[in-house]
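Colleague: Quick note: the sequence shown uses the working numbering, first residue 4, plus one each step.
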Amino acid sequence: MSTCSGNCEGCASKGNCSEEKHEPLLKNVKKAVLVLSGKGGVGKSTVAASLAVTLAKMGKKVGLLDVDFHGPSQPTLFNVTHLRMCGTEQGMEPLEVAGVKLVSIGLLLDDPDRAIIWRGPVKMGAVKQLLEEVDWGDLDVLVLDFPPGTGDESLSACQLIDCEKTAVVVTTPQEVALADCRKCIDFCHQVKVPVAGIVENMSGFVCPDCGHRHPLFSQGGGARLAAGAKVPLLAQLPLDPLFLQRCDAGELPEGLAENAVISGEMARVAEAVL
Ligand code: ADP
Numbered sequence: 004m005s006t007c008s009g010n011c012e013g014c015a016s017k018g019n020c021s022e023e024k025h026e027p028l029l030k031n032v033k034k035a036v037l038v039l040s041g042k043g044g045v046g047k048s049t050v051a052a053s054l055a056v057t058l059a060k061m062g063k064k065v066g067l068l069d070v071d072f073h074g075p076s077q078p079t080l081f082n083v084t085h086l087r088m089c090g091t092e093q094g095m096e097p098l099e100v101a102g103v104k105l106v107s108i109g110l111l112l113d114d115p116d117r118a119i120i121w122r123g124p125v126k127m128g129a130v131k132q133l134l135e136e137v138d139w140g141d142l143d144v145l146v147l148d149f150p151p152g153t154g155d156e157s158l159s160a161c162q163l164i165d166c167e168k169t170a171v172v173v174t175t176p177q178e179v180a181l182a183d184c185r186k187c188i189d190f191c192h193q194v195k196v197p198v199a200g201i202v203e204n205m206s207g208f209v210c211p212d213c214g215h216r217h218p219l220f221s222q223g224g225g226a227r228l229a230a231g232a233k234v235p236l237l238a239q240l241p242l243d244p245l246f247l248q249r250c251d252a253g254e255l256p257e258g259l260a261e262n263a264v265i266s267g268e269m270a271r272v273a274e275a276v277l
C-alpha cells in the first residue's frame with residue numbers, strides 16, 4: 004500500500020521513491036534532437052555534428068552531446084581531443100566549438116584510447132549524469148549523437164529527457180543499413196519520440212577528378228525507408244572525399260562551409276527539426 008503523502012521534502016524515502024517529483028532535466032533546453040542510426044559507420048556522428056554547426060550558423064543556441072561512449076567521435080571532428088572539460092560551481096562546463104557547446108565522454112577520460120567497458124546500468128547512470136550535471140545554459144536545440152542501434156544509452160536518454168524531442172535517422176542506401184534503421188524507427192515509436200525524417204548519407208560518390216556524382220551503393224534506399232515509415236526524406240548527402248579529409252583533420256565546420264551540396268542539404272535537415 005502506498006503511504007506517499009505527496010510531500011517529498013523531509014520524506015524518509017526521498018531518493019528511492021517512484022512517486023517522487025523530480026526537477027525537470029534540461030529545463031532550459033527548448034528541444035532535443037536525437038540522431039540515430041541502425042549501424043555504425045553510416046555517418047551518424049558526422050550528421051549530428053553538421054546539424055549542430057548548421058543550427059548554430061542559423062543563430063540558434065546549440066548544444067551537442069556525444070552519448071556514444073564506446074566510440075566518441077565528436078572530439079575528433081572538432082579537433083579538440085587534446086582538451087578536457089572542466090567543472091564549475093554550476094556543473095560541468097561544455098567546450099565551445101564553432102558556436103556549439105560540446106560535451107563528450109572523450110573530453111572527460113584521462114586516456115582517450117582506453118576502452119569503456121560498462122554494463123547497462125552504469126551507462127544509464129552516465130547518461131543521467133551528463134544530462135543533469137552539465138551546465139548547458141539556455142539552449143534552443145540540444146543535438147544528441149547516439150551509439151548505433153537501440154541500446155541502453157538511447158533508451159535512458161529518451162526516458163530522461165523531458166523537453167520536446169524529435170529524432171533524425173541516418174542511413175546509407177543499401178538494404179543491410181535500411182533494415183536496422185527500420186528498427187530504429189520502431190524504437191522511436193515505442194519510446195514515443197516523433198521522427199522528423201531520414202537522412203540518406205553516402206548517397207553517391209563525388210569524384211574528385213570530374214566532380215560528378217556516381218552511385219556507390221544501390222539507389223533509392225533512403226526514399227524507400229522514408230516512404231515505408233511515412234516520414235520525410237530530409238536529405239541525401241554525397242560521399243565526398245574532400246569533406247572526409249576535412250573531418251579526419253578535425254575541420255568539420257570548415258569542410259561543411261566549403262561544401263555547398265552538403266551544407267545545403269544540412270540546412271534542410273535543420274529547418275525540418277526546428
Ligand atoms: P558513425 O557515427 O555512423 O559511426 P561517422 O560519422 O563516424 O559514422 O562516419 C564514418 C566515416 O565516414 C568518417 O570517417 C566520416 O568522416 C566519413 N563520412 C561520413 N559521412 C561522409 C560524407 N558524406 N562524405 C565523406 N565522408 C563521410
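The beta-carbon is built from N, C-alpha and C at its ideal position, and this holds for glycine as well.
Determine, using beta carbons only, whether Ser48 and Asp71 come nearer to each other than 8 Å.
Modeller: Cβ distance < 8 Å, so Ser48 and Asp71 count as in contact.
Colleague: Grab me the residues of Ser221's own chain with a C-beta within less than 8 Å of its C-beta, minus the 5 sequence neighbours each way, in chain order.
Modeller: The residues are Pro176, Gln177, Glu178.
Colleague: Can you tell me where the alpha helix (DSSP H) with Lys64 in it begins and where it stops?
Modeller: First-last for Lys64: undefined, no H or E at that position.
Colleague: Going by the beta-carbon positions, is the gap between Leu242 and Leu147 smaller than 8 Å?
Modeller: Not a contact, by the Cβ cut-off of 8 Å.
Colleague: Just checking Glu186 against the ligand ADP - is the residue's beta carbon closer than 7 Å to any of the ligand's heavy atoms?
Modeller: The sequence given here has Lys at residue 186, not Glu. Lys186 Cβ: outside cutoff for every heavy atom of the ligand ADP.
Colleague: Using only the heavy atoms of the ligand ADP, determine whether one of them is closer than 7 Å to the beta carbon of Asn204.
Modeller: Flag set: Cβ of Asn204 near the ligand ADP.
Colleague: Find out if the Cβ-Cβ distance for the pair Leu145, Val272 is shorter than 8 Å.
Modeller: In this structure, Val272 does not lie closer than 8 Å to Leu145 by Cβ.
Colleague: Entirely within the region 197-244 and at least 3 residues each: give me those beta strand (DSSP E) ranges in chain order.
Modeller: If we require 3 residues or more, the beta strand (DSSP E) runs fully inside the region 197-244 come out as 198-209, 236-242.
Colleague: Are the CB atoms of Val45 and Lys104 nearer to each other than 8 Å?
Modeller: No. Outside cutoff.
Colleague: Taking C-alpha atoms, which residue in Leu86, Leu247, Cys191, Gly200 lies nearest to Leu277?
Modeller: Closest by alpha carbon: Gly200.
Colleague: Would the region 184-195 count as touching the region 109-126 if we require 3 or more Cβ pairs under 8 Å?
Modeller: With the cut-off at 8 Å, the region 184-195 and the region 109-126 do not touch.
Colleague: Per the DSSP calculation, Lys104 is bridged to which residue(s)?
Modeller: DSSP lists Gly66, Glu99 as partners of Lys104.
Colleague: Is the separation between the beta-carbon of Val196 and that of Ala170 shorter than 8 Å?
Modeller: The answer is yes: Cβ separation under 8 Å.
Colleague: Can you determine whether any heavy atom of the ligand ADP sits closer than 7 Å to the C-beta of His40, and answer yes or no?
Modeller: Checking the sequence, you will find Ser at residue 40 rather than His. Under cutoff, so the answer is yes.
Colleague: Rounded to whole angstroms, what's the CA-CA distance from Leu158 to Lys131? Just pull it up for me.
Modeller: Rounded to the nearest angstrom, the two C-alpha atoms are 11 Å apart.
Colleague: Three or more beta-carbon pairs under 8 Å between the region 237-255 and the region 205-216, yes or no?
Modeller: The region 237-255 vs the region 205-216: in contact.
Colleague: Sort out for me which residues DSSP pairs Val137 with in a bridge.
Modeller: Val137 is bridged to Met95.
Colleague: For Gln93, count neighbouring Cβ atoms within 10 angstroms of its own Cβ and tell me buried if that reaches 16, exposed if not.
Modeller: Exposed, because fewer than 16 other Cβ atoms sit within 10 Å of the Cβ of Gln93.
Colleague: In angstroms, rounded to a whole number, what distance separates the CA positions of Glu274 and Gly123?
Modeller: Taking the straight line joining both Cα atoms gives about 34 Å.
Colleague: Identify, in the order they occur along the chain, each residue of the same chain with its Cβ nearer than 6 Å to the Cβ of Gly154, setting aside the five sequence neighbours on each side.
Modeller: Excluding sequence neighbours, Gly154 sits near nothing in its chain.
Colleague: Looking at the ligand ADP, does it come within less than 7 Å of Ile265, judged from the CB to the closest heavy atom?
Modeller: Yes, since a heavy atom of the ligand ADP falls inside the 7 Å radius drawn around the Cβ of Ile265.
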